[in-house]
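Trainee:
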Amino acid sequence: MSLLGKKFKGIEAFDQAANRTYQLLPSRFAALDDGRYLLSNEVGEYLVVDRKHLESYVKKQVPHDTDFYYDLKSKHFLFDDDSNVAIDLLALKYRTKAQRIAQFTALHLFVVSLRCDYSCQYCQVSRQTDDKVAFDMSEETADKALDLVFRSPSPAIKIEFQGGEPLLNFNLIQYIVKEARWRNLVHQRDLQFVITSNLSFLSDEVLSFCQEHNIQLSTSLDGPESLHNSNRPRPGKNSYQLTVDGIQKAQNFLGRDKIGALMTTTERSLSQVKAIIDTYLENNLDCIFLRPLSPYGFAIKNQQAQKYDVDRWFEFYKEGLDYILEINRQGHTFVEVYTQLIVNKLLSPFGQGYVDLQSPAGAAISAIVYNYDGDVYASDEARMLAEMGDKKFRLGNVHTESYEDIWLSDVLLDTLESSLSESLPMCSDCGFLPYCGTDPVYHYATQGDVVGNKALSGFCSKNMKIFKYVIRLLESDSDARDILLSWVRS
Amino acid sequence: MKTHELNFDVRVFSLDTVKRALYRFSDKCSFDIQLKDNDITVTLHVKTDEDLTSKIKNEVLDQDLRDTLSKETANIRTLILANAFSNTGLIQ
Amino acid sequence: MICLSAKDNHSLSPISHTQPFIAKITDNPHLPRALRPQYIFLLTVATAIPEGFGLVLVAHESDEGIYPVNTVRISQELRYLKEHDVIKFYPEDGKINVLYRKEANANSFLLTERCNSFCIMCSQPPRDVDDSYLVDDLLATIPLIHPETHEIGFTGGETTLVGDQFIRLIQSAKNHLPRTALHILSNGRNFQHLDLAMKVAKVKHPDLMIGIPLYADYSQLHDFIVQADNAFDETLRGILNLKRCQVKVEIRVVIHQENYQRLPRLAEFIARNLLFVDHVALMGLEIIGFAKSNLNALWIDPYNYRDELKNAVDIMARAGMRVSIYNTPLCVIPESVRNYAAQSISDWKNDYLDECANCSARQQCSGFFSWNLRKPSQYIKAL
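Protein chains in written order, with this note's numbering: chain A, 1276 to 1765; chain B, 119 to 210; chain C, 10 to 392.
(1) Near I1681 (chain A), which residues of its chain fall below 6 Å by C-beta distance, leaving aside the five closest residues on each side in sequence?
(2) So with CB distances below 8 Å, who are the chain C contacts of Y1321 (chain A)?
(3) For G46 (chain C), is the classification buried or exposed, using 16 other Cβ atoms within 10 angstroms of its Cβ as the cut-off for buried?
(4) Run the CB neighbour count on Q270 (chain C), radius 10 Å, all protein chains shown included, and call it buried at 16 or more, exposed below.
(5) With distances taken Cα to Cα, identify the nearest neighbour of Q236 (chain C) among C:K301, C:N196, C:W357.
(6) Does any residue of chain B bring its CB to less than 8 Å from the CB of A1574 (chain A)?
(7) Determine the direct distance from the alpha carbon of R1303 (chain A) to that of K1348 (chain A), and round the result to whole angstroms.
(8) What's the gap between the Cα of L1683 (chain A) and the Cα of S1761 (chain A)?
(9) Assign A397 (chain C) to one of two classes, buried (16 or more other C-beta atoms within 10 Å of its C-beta) or exposed (fewer than that).
(10) Do you know how far the Cα of I297 (chain C) is from the Cα of F377 (chain C)?
(11) For D1483 (chain A), go through chain C and note every residue whose CB falls closer than 8 Å to its CB, in chain order.
(12) Could you pull out every residue in the same chain whose Cβ sits closer than 7 Å to the Cβ of F1625 (chain A), ignoring the five residues on either side in sequence?
(13) To the nearest angstrom, report how far apart T35 (chain C) and A300 (chain C) are at their CA atoms.
(14) Going by DSSP in three states, F1573 (chain A) sits in which element: helix, strand or coil?
(15) Closer than 6 Å by C-beta to K257 (chain C): which residues in its own chain qualify, once you throw out the five before and the five after it? Chain order, please.
(16) Against chain C, does F1283 (chain A) count as a neighbour if the rule is that its beta carbon must be under 8 Å from one of theirs?
(17) Output, in chain order, the set of chain B residues within a Cβ distance shorter than 9 Å of S1302 (chain A).
(18) As an exercise, report each continuous alpha helix (DSSP H) stretch of at least 4 residues that is fully enclosed by the stretch 1509-1578 of chain A, in chain order.
(19) Which stretch, first to last residue, makes up the beta strand (DSSP E) that contains I58 (chain C)?
(20) As a quick exercise: from A:F1410, A:I1599, A:R1458, A:I1490, pick the residue whose alpha carbon is nearest that of I1470 (chain A).
(21) Please work out which residues of its chain come closer than 7 Å, Cβ to Cβ, to S6 (chain C), disregarding the five sequence neighbours upstream and downstream, and give them in chain order.
(22) Comparing the C-beta of D1272 (chain A) with each C-beta of chain C, is any distance below 8 Å?
(23) Is E1557 (chain A) close to chain B? Criterion is C-beta to C-beta, closer than 8 Å.
(24) Which residue or residues does DSSP assign as beta-bridge partners of Y335 (chain C)?
(25) Between D1831 (chain A) and chain B, is there a C-beta pair that is closer than 8 Å?
(26) Would you call the stretch 221-236 of chain C in contact with the stretch 126-141 of chain C, where contact means no fewer than 3 C-beta pairs closer than 8 Å?
(27) What does the Cβ neighbour count give for Q229 (chain C), buried or exposed, with the cut at 16 atoms within 10 Å?
(28) Go to L87 (chain C), then tell me how far its alpha helix (DSSP H) extends in each direction, as first and last residue.
(29) Under a three-way DSSP split, which group does Q1374 (chain A) fall into?
(30) Compute the beta-carbon to beta-carbon distance between A115 (chain C) and G162 (chain C), rounded to the nearest angstrom, for a pair I have assumed lies under 8 Å.
(31) Select from A:Q1547, A:L1537, A:V1585 the residue whose C-alpha is nearest the C-alpha of C1562 (chain A).
(32) Span of the beta strand (DSSP E) holding Q1491 (chain A)?
(33) What is the rounded straight-line gap between the Cα of T1541 (chain A) and the Cα of A328 (chain C)?
(34) Taking the continuous beta strand (DSSP E) assigned at C1485 (chain A), which residues delimit it?
(35) For a test of the three-state rule: what should DSSP assign to Y1424 (chain A), helix, strand or coil?
(36) Check the C-beta distance from F1436 (chain A) over to V1481 (chain A) and give it rounded, since I have them as a contact under 8 Å.
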């Protein structure tokens, strides 16, 4: 019985869909845990539903005038005769999600030297040598690479210096930064620089230069001293001490927000996640990236070993994330970067944001690598693969190929096209597709083709485990949910 | 290595649906598939002792739902994408 | 509450006006004679009345004896009038309507009482009348408004129903008040026609925002609340068109019993589908008009939807949107989102309860609509 005045009609009078079936809008689903599924639409909006509800949705049997029906309608999983603006809105949302692809290559990695004072067990590329001519990038190469950098239409350009140890060719870094800023007076992009360094050579001169040009530093901190030193040996056996001293020096000189650290996970790391996190806390670092075990080694592991590795790493990740959530509960903000990325992807209307987890793949169209010798690679992993003997994803050389030769090369376009997740078995109907990505180089390296069989893929297994874990936290643990949502950057 | 047999009626579940479901288990088993009259016979060779038959049957049910979803929404998906890439003049 | 209209004004001399007279008030007795007929002279103390003004308003009780033509003693209720204010004087019955006050925190102009919706909580119930005089009056008023005025508003009814005059009014505001923000309320439905949105954009008003209500995340509920079929679709298309033409848009959500439960879902809908709008206002109910007559169906104590409110604010703020809470006292808003509350109620209809006298947050709080005082939340308490 309506409590409204006589002039007003009840809601039934405004429902043109009351006794008609609804129509389905494009959607996908994936199993989440016992009996629950993630249902996602074409642009990544989602609902967690049990199987009964999922089935009634697909079979068009959801009763009208229920909260579930209206949730499905409002989130564009269905449409009915009462409204047809859903198509316009979905089209707009799809366009928004895809828009970042058009912005194109934003991340440009310059491998300024292969020389390094370390001999890390997991590194494929560095050379312990003093031969600068053989393994340093030249100014001529840098100039050609910069030509290509500014051909990218991206409004934001990030130049990241890699190696070996980039500071061993600090002169060239200075040259590139100044030359890039000079050219940028014309191009007017949002230009940023990062140096990834082991910090052995972090002199006052380097720090002043970083401050002057607002350069970020990124270093490797694998964990407590014994772990770090065993992962990352150098003459003098003091890599941990050098690293933390360098971090502190950079924090004091440049500011805490100007230096970050990454860890590389090895077998030895797997049992020490809390100690690793404690090391980060002790060194005033605000975030950690619990990176997976790399499949690139001096021998690529077989598929079974791949997935076993993922299972073991996932226990490491869960333990780490639980510990980090507890730290946050105690009032200290400390972020796990990969989780933050995933939460952002789950909630953001914008696409991309992380070159290693996007479709179309980030290879060349989001990030590109200019090697010391001018060779251009679709990604850092492509460069590592070349170091191991397979140059499949070498796209050309800055001295001999043009921008068009490189970005329109057959190998690149074929790779991007054939690895698009919407076209792949298991991916094309997977509920996590809007948040996931495609990794042609990884699948080529581990299975021999850029698509691979996802049932055998460590990439798929890892991502699915993380999606399921994070979504379950968001759905069922309100404390964890609040913390994770506070990590979201808008 | 254990062997199990599963049967599906092709009038209830299409061959495609069954194949797609089986594909997801290719890390754990290999299959022989035969179609005779209306009967799809799947012979599973499972690498471990795990009993996958109920999981596979459930996956076939899920794939069947996916099949319905994709068939029913194919046209409207094309419409949405065409609309998305026409010139709407509005970029967020 | 401030009274904006009064009839008990007594003429102290013969009135020569035969038509209603709209003019600006001055307290300058030395205004050049050539200008005086266009102005209204306001006298607050008993001094000599200069000659030649279009109207003289006497705001004191002393008796002078002899008054120039067109002198009127104004009602006690209008004694707040000041220099720069604009009024409309009706010679047939001496009524004065206050059209604009320079010191008001908001100046809103009614364009028409006609409307193509029939919202169940409408605070200005529609009347199907020929009120085109409202637009004529406004066109006459705009040039008289003080150019330093911060912001003016157009309301209704449905403002776009005044046809071509809608564009003319925006143009006039741009011409005469280039430094004044213009906030227009509309249900957005007529902007489903792209050419109307384009016409608005073409004026290139320097600071224009259209405030458009959206009450639900799905059509059936929104259409029911506004009592019009297809309103949801039309409104959304209108919003999209306005943003295509780069006109600023604000989404306004009035919260009541019929839609509070879905408020978080509406916030999600706005954050995903309307991310590009310039502002979102979540508004407490104004208990007047239909909101008053339908109160049994609509009333919910704001304290009882505080969780939904907080949730909705968090969802949209996290998405990077500009969000405000209007017309809701601070004490019933969850603490973590109190900073989104704004002083939103026009001064003439703004009041506080006795409890508020001791509240440390009174200065920042929006308080109540004057007509809500009879039915405030049960959880009001001084902070």
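Note that beta-carbon positions come from the ideal geometry of N, C-alpha and C, so glycine has one too. Only a predicted model underlies this, so the values are computations on that prediction, with no experimental measurement involved.
Mentor: To lay it out plainly:
(1) For this step, residue 1681 (chain A) is matched to residue 406 along the first sequence. V1651, L1670, G1671.
(2) Counting from 1 along the first sequence, the entry for residue 1321 (chain A) is found at position 46. The premise fails here: Y1321 (chain A) is roughly 11 Å from chain C at the closest Cβ pair, so nothing lies under 8 Å.
(3) Translated into positions along the third sequence, residue 46 (chain C) becomes position 37. The residue you asked about is not Gly; residue 46 (chain C) is Pro in the sequence shown. Exposed, because fewer than 16 other Cβ atoms sit within 10 Å of the Cβ of P46 (chain C).
(4) The sequence position of residue 270 (chain C) within the third sequence is 261, counting from 1. Here Q270 (chain C) is exposed, its C-beta having fewer than 16 other C-beta atoms within 10 Å.
(5) Position 227 of the third sequence, counting from 1, holds the residue named residue 236 (chain C). Here the closest residue by C-alpha is C:N196.
(6) Looking up residue 1574 (chain A) in the first sequence gives position 299. With a pLDDT of 43 at A1574 (chain A), under the threshold of 50, the predicted position of this residue should be treated as unreliable, though the coordinate-derived value follows. For A1574 (chain A), the answer is no, since every Cβ of chain B falls outside 8 Å of its Cβ.
(7) The residue given as residue 1348 (chain A) occupies position 73 in the first sequence. The residue given as residue 1303 (chain A) occupies position 28 in the first sequence. Rounded to whole angstroms, K1348 (chain A) to R1303 (chain A) spans 15 Å at the Cα level.
(8) Residue 1683 (chain A) sits at position 408 when you count from the first residue of the first sequence. Residue 1761 (chain A) sits at position 486 when you count from the first residue of the first sequence. Cα to Cα, L1683 (chain A) sits roughly 41 Å from S1761 (chain A).
(9) An answer regarding residue 397 (chain C) cannot be provided, because it is not within the stretch 10 to 392 covered by chain C.
(10) The sequence position of residue 377 (chain C) within the third sequence is 368, counting from 1. The sequence position of residue 297 (chain C) within the third sequence is 288, counting from 1. Between the C-alpha atoms of F377 (chain C) and I297 (chain C) there is a straight-line separation of about 12 Å.
(11) In the first sequence, residue 1483 (chain A) corresponds to position 208, counting from 1. A small correction: the amino acid at residue 1483 (chain A) is Ser; Asp does not occupy that position in the sequence shown. Neighbours of S1483 (chain A) on chain C: none; closest Cβ ~36 Å, over 8 Å.
(12) Within the first sequence, residue 1625 (chain A) is the residue found at index 350, counting from 1. Here the set comprises T1371, K1372, R1375.
(13) Residue mapping note: residue 35 (chain C) aligns to position 26 of the third sequence, counting from 1. Residue mapping note: residue 300 (chain C) aligns to position 291 of the third sequence, counting from 1. Taking the straight line joining both Cα atoms gives about 39 Å.
(14) For the purposes of this step, residue 1573 (chain A) is identified with residue 298 of the first sequence, where counting begins at 1. Because F1573 (chain A) sits at a pLDDT of 42, beneath the cut-off of 50, its placement in the model cannot be relied upon, and the following sentence gives the value as read from the coordinates. Coil at F1573 (chain A), not helix or strand.
(15) As a working note, residue 257 (chain C) is residue 248 in the third sequence. Excluding sequence positions up to five before and after K257 (chain C), its CB lies within less than 6 Å of the CB of M218, D287, all in the same chain and listed in chain order.
(16) For the purposes of this step, residue 1283 (chain A) is taken as the residue at position 8 of the first sequence. Taking CB atoms only, F1283 (chain A) has a neighbour in chain C less than 8 Å away.
(17) To locate residue 1302 (chain A), count along the first sequence from 1; it is residue 27. L187, T191, listed in chain order.
(18) Whole alpha helix (DSSP H) segments, 4+ residues: 1514-1529, 1548-1557.
(19) Here residue 58 (chain C) refers to the residue found at position 49 when the third sequence is read from its first residue. Here I58 (chain C) belongs to no beta strand (DSSP E), and DSSP marks it neither H nor E.
(20) Here the question's residue 1470 (chain A) lines up with position 195 in the first sequence. Ranking A:F1410, A:I1599, A:R1458, A:I1490 by Cα distance to I1470 (chain A) puts A:I1490 first.
(21) One cannot answer for residue 6 (chain C) here, as it falls past the ends of chain C, which runs 10 to 392.
(22) No information on residue 1272 (chain A) is available, as it lies outside the stretch 1276 to 1765 that chain A covers here.
(23) On the first sequence, residue 1557 (chain A) is found 282 positions in, with the first residue counted as 1. By this cut-off, E1557 (chain A) is not an interface position.
(24) Within the third sequence, the letter at position 326 stands for residue 335 (chain C). Y335 (chain C) pairs with C:M292.
(25) In this structure chain A extends from 1276 to 1765, so residue 1831 (chain A) is not present and cannot be described.
(26) Touching, per the Cβ criterion.
(27) Reading the third sequence from its first residue, position 220 is the one you call residue 229 (chain C). With 16 or more other Cβ atoms within 10 Å, it is buried.
(28) Residue 87 (chain C) sits at position 78 when you count from the first residue of the third sequence. That residue, L87 (chain C), is in no alpha helix (DSSP H); it is neither H nor E in DSSP.
(29) The residue given as residue 1374 (chain A) occupies position 99 in the first sequence. The answer is helix: DSSP assigns Q1374 (chain A) an H, G or I state.
(30) For this step, residue 115 (chain C) is matched to residue 106 along the third sequence. For this step, residue 162 (chain C) is matched to residue 153 along the third sequence. Indeed, because the Cβ distance is near 7 Å, the residues count as touching under 8 Å.
(31) Your numbering for residue 1562 (chain A) matches position 287 in the first sequence. For C1562 (chain A), the nearest C-alpha among the options comes from A:L1537.
(32) Position 216 of the first sequence, counting from 1, holds the residue named residue 1491 (chain A). Its beta strand (DSSP E) spans residues 1491-1495.
(33) The sequence position of residue 1541 (chain A) within the first sequence is 266, counting from 1. The sequence position of residue 328 (chain C) within the third sequence is 319, counting from 1. Taking the CA atoms as reference points, T1541 (chain A) sits about 37 Å from A328 (chain C).
(34) On the first sequence, residue 1485 (chain A) is found 210 positions in, with the first residue counted as 1. In the DSSP assignment, C1485 (chain A) falls outside any beta strand (DSSP E) and lies within the alpha helix (DSSP H) extending over 1479-1487.
(35) For the purposes of this step, residue 1424 (chain A) is identified with residue 149 of the first sequence, where counting begins at 1. A small fix is needed here, since residue 1424 (chain A) is Val in this sequence, not Tyr. Three-state result, V1424 (chain A): helix.
(36) Locating residue 1436 (chain A) in the first sequence gives position 161, where the first residue counts as 1. Locating residue 1481 (chain A) in the first sequence gives position 206, where the first residue counts as 1. 11 Å between Cβ atoms; not a contact.
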